[in-house]
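Structure first, commentary second.
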Amino acid sequence: MSPDCPPVSVSLSYRPPNGTRPAIEWVHVSALSFDPSYQRSVDNEASRRLINGIATNYDWRLCTPPVVARRSVGQFVVIDSQHRTMAAHLRGDIDQPPCCLFNYADPQEEARMFIAANRSRKPMNRLDDFPAALTAADEDAVEIQTL
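Residue numbering for the sequence shown follows the working numbering, starting at 8 and increasing by one per position.
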């Protein structure tokens, strides 16, 4: 463990994790679909801009595997990372993103996981990422630090 990590208390007791471990697989982007019954619409200008921006500046180093439901043999439904998946498909040269595959009981459980994944995020603000911006030698951050 890194010396910068907080110490782990042995007195804490945790419940076993929920669900089962996912499989990590490279799935052809053409096999990935979206369930409109719970997935957000991308039929708006903000989503189109986001998808085009990701496609234009695609960076494997920022690639986090989409969370995907394996419904049946060959049927894969994206639960989380819809915009990145669509950007990969749009490009045409990202044919197999790595996917985090789960087996869910039904689309209702998938929808619950969609809600959990999207409500549990904490948005970053400039103050949160300031130390990283300094380390990355971001011009604005360095100027602010200098002032």
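Just so you know, even glycine gets a beta-carbon here, dropped at the ideal spot from N, CA and C.
Within its chain, find whatever has a CB closer than 6 Å to the CB of Asn110; leave out the 5 residues flanking it on each side and keep chain order.
-> For the purposes of this step, residue 110 is taken as residue 103 along the sequence shown, with counting starting at 1. The beta carbon of Asn110 is closer than 6 Å to those of Arg77 in its chain, skipping five residues each way along the sequence.
Just the C-alpha distance for Ile58 and Asn25, rounded to the nearest angstrom, thanks.
-> Here residue 58 corresponds to residue number 51 of the sequence shown, with the count starting at 1. Here residue 25 corresponds to residue number 18 of the sequence shown, with the count starting at 1. In a straight line, the C-alpha of Ile58 is about 32 Å away from that of Asn25.
Between which two residues does the beta strand (DSSP E) containing Arg78 stretch?
-> As a working note, residue 78 is residue 71 in the sequence shown. Start and end: 74-79.
Output yes or no for whether 8 Å exceeds the beta carbon distance between Cys106 and Phe121.
-> Along the sequence shown, one-based indexing puts residue 106 at 99. Along the sequence shown, one-based indexing puts residue 121 at 114. Using a Cβ distance threshold of 8 Å, Cys106 and Phe121 do not count as a contacting pair.
Among the residues of its own chain, which have a CB less than 7 Å from the CB of Ala143, if the five just before and after it don't count?
-> For this step, residue 143 is matched to residue 136 along the sequence shown. Counting only Cβ-Cβ distances below 7 Å, and skipping sequence neighbours, we find nothing.
Could you give the distance in angstroms between the alpha-carbon of Lys129 and the alpha-carbon of Gly99?
-> On the sequence shown, position 122 is the one that residue 129 refers to. On the sequence shown, position 92 is the one that residue 99 refers to. Each residue's Cα considered, the two are about 32 Å apart.
Backbone secondary structure at Pro43 - three-state DSSP = Taking the first residue of the sequence shown as 1, we reach residue 43 at position 36. When DSSP states are grouped into helix, strand and coil, Pro43 belongs to the coil group.
Can the beta-carbon of Leu134 be found closer than 8 Å to that of Gln152?
-> The residue you call residue 134 lines up with position 127 of the sequence shown. The residue you call residue 152 lines up with position 145 of the sequence shown. Contact check for Leu134 against Gln152 fails: the beta carbons are separated by 8 Å or more.
Over what stretch of residues does the alpha helix (DSSP H) that includes Ala62 continue unbroken?
-> Residue mapping note: residue 62 aligns to position 55 of the sequence shown, counting from 1. If you look at Ala62, you'll find it in the alpha helix (DSSP H) that goes 52-63.
Determine the closest residue to Ile101 out of Pro114, Ala30, Leu39, Thr27, with distance taken between C-alpha atoms.
-> Translated into positions along the sequence shown, residue 101 becomes position 94. Selected option, being the one with the closest Cα: Leu39.
If you drop the 5 nearest sequence neighbours on each side, which residues of the same chain put their C-beta closer than 8 Å to that of Met131?
-> Taking the first residue of the sequence shown as 1, we reach residue 131 at position 124. Cβ neighbours of Met131 within its own chain (closer than 8 Å, five residues either side excluded): none.
Determine the extent of the beta strand (DSSP E) in which Leu69 is found, giving its start and end residues.
-> The count along the sequence shown starts at 1 and reaches residue 69 at position 62. DSSP places Leu69 outside any beta strand (DSSP E), giving it a letter other than H or E.
Indicate the three-state DSSP secondary structure (helix, strand or coil) for Pro105 in the structure shown.
-> For the purposes of this step, residue 105 is identified with residue 98 of the sequence shown, where counting begins at 1. Residue state for Pro105 is assigned as strand, using DSSP reduced to three classes.
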